[in-house]
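The number in the numbering used here is simply the position in the sequence shown, starting from 1, with 2 added. For every residue, glycine included, the Cβ atom is placed at its ideal position computed from N, Cα and C. Predicted model, so just to flag it, every value in this text is computed and none were measured.
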Amino acid sequence: MPDKQTRHAPSKGAGKLTGSIRHGRARLGWRKLPSGRSVRICALWIMVLVAVLAIGLLIRTIAISFNPDIGPEGAEVRRVANAATKHLSNSPDVLSADIIEASADIGGTEARLNVRLKDDTSADAVADLLTSTQQAAFGKNSSDTNIYLLITLSWTLHGTSISTSFSATKPADAEFVRLVLATAGEANTIEGITGKRVDYGQVTTTPTTFTQPGVPNSSRTFTLNGWKVTSTSNKEGQFPNTVAFEQVIAAASQASTTGTIDLDTDSMSVTGLVTDDTKSLTPETAAPVVHAVADCTTAGLTTLHLNNWALNTTSSVADPWLSFTCNNGTWTPKHESSTGQDEAAILQKATEL
Numbered sequence: 003m004p005d006k007q008t009r010h011a012p013s014k015g016a017g018k019l020t021g022s023i024r025h026g027r028a029r030l031g032w033r034k035l036p037s038g039r040s041v042r043i044c045a046l047w048i049m050v051l052v053a054v055l056a057i058g059l060l061i062r063t064i065a066i067s068f069n070p071d072i073g074p075e076g077a078e079v080r081r082v083a084n085a086a087t088k089h090l091s092n093s094p095d096v097l098s099a100d101i102i103e104a105s106a107d108i109g110g111t112e113a114r115l116n117v118r119l120k121d122d123t124s125a126d127a128v129a130d131l132l133t134s135t136q137q138a139a140f141g142k143n144s145s146d147t148n149i150y151l152l153i154t155l156s157w158t159l160h161g162t163s164i165s166t167s168f169s170a171t172k173p174a175d176a177e178f179v180r181l182v183l184a185t186a187g188e189a190n191t192i193e194g195i196t197g198k199r200v201d202y203g204q205v206t207t208t209p210t211t212f213t214q215p216g217v218p219n220s221s222r223t224f225t226l227n228g229w230k231v232t233s234t235s236n237k238e239g240q241f242p243n244t245v246a247f248e249q250v251i252a253a254a255s256q257a258s259t260t261g262t263i264d265l266d267t268d269s270m271s272v273t274g275l276v277t278d279d280t281k282s283l284t285p286e287t288a289a290p291v292v293h294a295v296a297d298c299t300t301a302g303l304t305t306l307h308l309n310n311w312a313l314n315t316t317s318s319v320a321d322p323w324l325s326f327t328c329n330n331g332t333w334t335p336k337h338e339s340s341t342g343q344d345e346a347a348i349l350q351k352a353t354e355l
């Protein structure tokens with residue numbers, strides 16, 4: 003029988019098992035919790051990181067407010083310009099398309115393109131091209147209306163050299179494009195934003211399209227017998243059509259071989275009647291011009307200005323004009339005192355013709 007006092011020695015594996023259990027308990031989480039000081043340091047670092055991020059964001063926001071081109075608006079305007087250029091380059095009517103500017107600044111966000119069209123590209127084809135470019139650049143339901151897309155088109159149409167700019171921020175109005183190009187075939191050049199400057203060059207008679215409706219607040223010019231005539235339309239695009247330009251030129255040519263006649267709605271100004279810079283305008287020189295538009299109501303004029311001095315003295319004279327106002331179809335002096343007397347003398351001489 004075994005002795006009751008005898009004890010069995012633990013096996014080698016049992017010791018290892020006990021140690022393993024203790025080590026496992028330590029790994030399972032019975033660790034010492036962080037001290038309060040450690041928590042405070044960790045929270046402080048988080049606060050510093052958040053503050054740095056906030057300051058960085060504020061600095062970037064301020065920088066963009068002073069220079070929008072470095073922000074998302076600048077990236078968007080360049081995307082619009084690239085999309086428009088790519089679309090134009092794929093058009094069979096386009097010879098070349100280049101980005102001139104695509105930037106955002108405090109004054110506005112603008113993209114400008116220069117496009118060379120094939121000669122004799124029609125007005126309707128231009129309108130279609132502008133509309134399709136707008137859709138390619140902005141999308142049909144785009145809200146990018148703060149970006150101004152300006153496209154300058156250059157080509158020759160019916161012998162007229164054209165270099166004019168159109169806005170492609172919205173779909174083109176085909177009727178308006180046709181209006182811009184209405185003088186093609188008779189004018190020498192059509193230039194400016196939406197064709198605001200039309201020049202017929204040297205002519206032998208008043209151009210047939212000179213008085214036809216056109217672009218609002220635009221100008222048309224021709225030169226006949228040395229006299230340059232410029233007419234400006236009103237805000238509805240109507241050009242004065244009641245002045246007999248050739249009669250006025252014939253009258254003015256009695257005094258000088260060159261000069262200018264400017265007609266702005268219902269006001270006409272004539273310079274060049276005086277050729278001697280030591281003399282002023284005389285009744286004999288001015289009377290033929292006044293006589294040519296004697297019935298101011300029929301001529302559609304309310305004011306007539308005649309330059310009182312030679313052309314090279316205009317800028318140095320406080321008031322270089324003798325002026326007349328239309329009163330019930332008859333011209334009357336605009337000024338008083340000696341200037342008014344000079345105007346009255348001219349009117350008197352005109353009645354003798």
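Backbone secondary structure at residue i - three-state DSSP
| i | result |
| --- | --- |
| G274 | coil |
| L306 | strand |
| E103 | strand |
| Q204 | strand |
| E238 | coil |
| W311 | coil |
| V231 | strand |
| V96 | strand |
| L60 | helix |
| T327 | strand |
| P335 | strand |
| G38 | helix |
| T267 | coil |
| T287 | helix |
| I23 | The predicted model places I23 with a pLDDT of 46, which falls under 50 and marks its position as unreliable, so this point remains unresolved. |
Where the beta strand (DSSP E) containing residue i begins and where it ends
| i | result |
| --- | --- |
| L283 | Taken as a continuous stretch (DSSP letters only), L283 belongs to no beta strand (DSSP E), as it is neither H nor E. |
| L183 | That residue, L183, is in no beta strand (DSSP E); it is neither H nor E in DSSP. |
| E193 | 191 to 195 |
| T166 | 162 to 169 |
| T259 | No beta strand (DSSP E) holds T259; DSSP gives it neither H nor E. |
| T158 | 149 to 159 |
| S221 | 221 to 226 |
Same chain only: Cβ atoms within 7 Å of residue i, ignoring 5 sequence neighbours per side
| i | result |
| --- | --- |
| A184 | T211, Q214, G216 |
| M3 | Caution is warranted here: a pLDDT of 45 is assigned to M3, below 50, making its placement in the model unreliable, and the coordinate value is therefore given only provisionally. Cβ within range, chain order: n/a, list empty. |
| E364 | In the structure displayed, the chain extends from 3 to 355; residue 364 sits before or after that span and is not available. |
| P290 | A253, Q256, L355 |
| G161 | G187 |
| E238 | P218 |
| L131 | S93, D95 |
| T353 | none |
CB of residue i within 8 Å of CB of residue j, strictly
| i | j | result |
| --- | --- | --- |
| S221 | T234 | yes |
| A129 | A86 | no |
| T287 | G274 | no |
| L97 | T135 | no |
| W157 | D121 | yes |
| A174 | I149 | no |
| T341 | T334 | no |
| A83 | L115 | yes |
| L324 | D344 | yes |
| T299 | F247 | no |
Residue interval of the alpha helix (DSSP H) (run including residue i)
| i | result |
| --- | --- |
| N84 | 74 to 91 |
| G342 | 339 to 353 |
| T111 | Taken as a continuous stretch (DSSP letters only), T111 belongs to no alpha helix (DSSP H), being part of the beta strand (DSSP E) at 110 to 119. |
| D130 | 125 to 140 |
| F212 | Run containing F212: none; DSSP gives neither H nor E here. |
| T300 | 298 to 301 |
| Q249 | 247 to 254 |
Own chain residues within Cβ distance below 8 Å of residue i, not counting five before or after
| i | result |
| --- | --- |
| V245 | L265, M270, V295, A301, G302, L303 |
| I251 | L226, N227, W229, V231, I263 |
| D268 | P242, G302, L303, T304, T305 |
Near the ligand COA: residue i beta-carbon under 7 Å from a heavy atom
| i | result |
| --- | --- |
| M270 | With respect to small molecules bound, the structure shown includes none, and the ligand COA cannot be examined in it. |
Contacting residues, own chain, Cβ-Cβ under 6 Å from residue i (five flanking each side not counted)
| i | result |
| --- | --- |
| S163 | T191 |
| A170 | L132, T135, Q136, L151, I153 |
| I197 | The question names Ile, but residue 197 in the sequence shown is Gly. Hits under 6 Å: T166, V182, V217. |
| F168 | L132, I153 |
| Q249 | A294 |
| P285 | A347, I348, K351 |
| D100 | N116 |
| I195 | S167 |
| V200 | T185, A189, I192, R222 |
Expected contact under 8 Å - CB spacing of residue i and residue j to nearest Å
| i | j | result |
| --- | --- | --- |
| R80 | A104 | 5 Å |
| S258 | T280 | The Cβ separation is near 15 Å, so there is no contact. |
| T356 | Q204 | No information on residue 356 is available, as it lies outside the stretch 3 to 355 that the chain covers here. |
| L283 | N310 | 5 Å |
| L119 | L155 | 6 Å |
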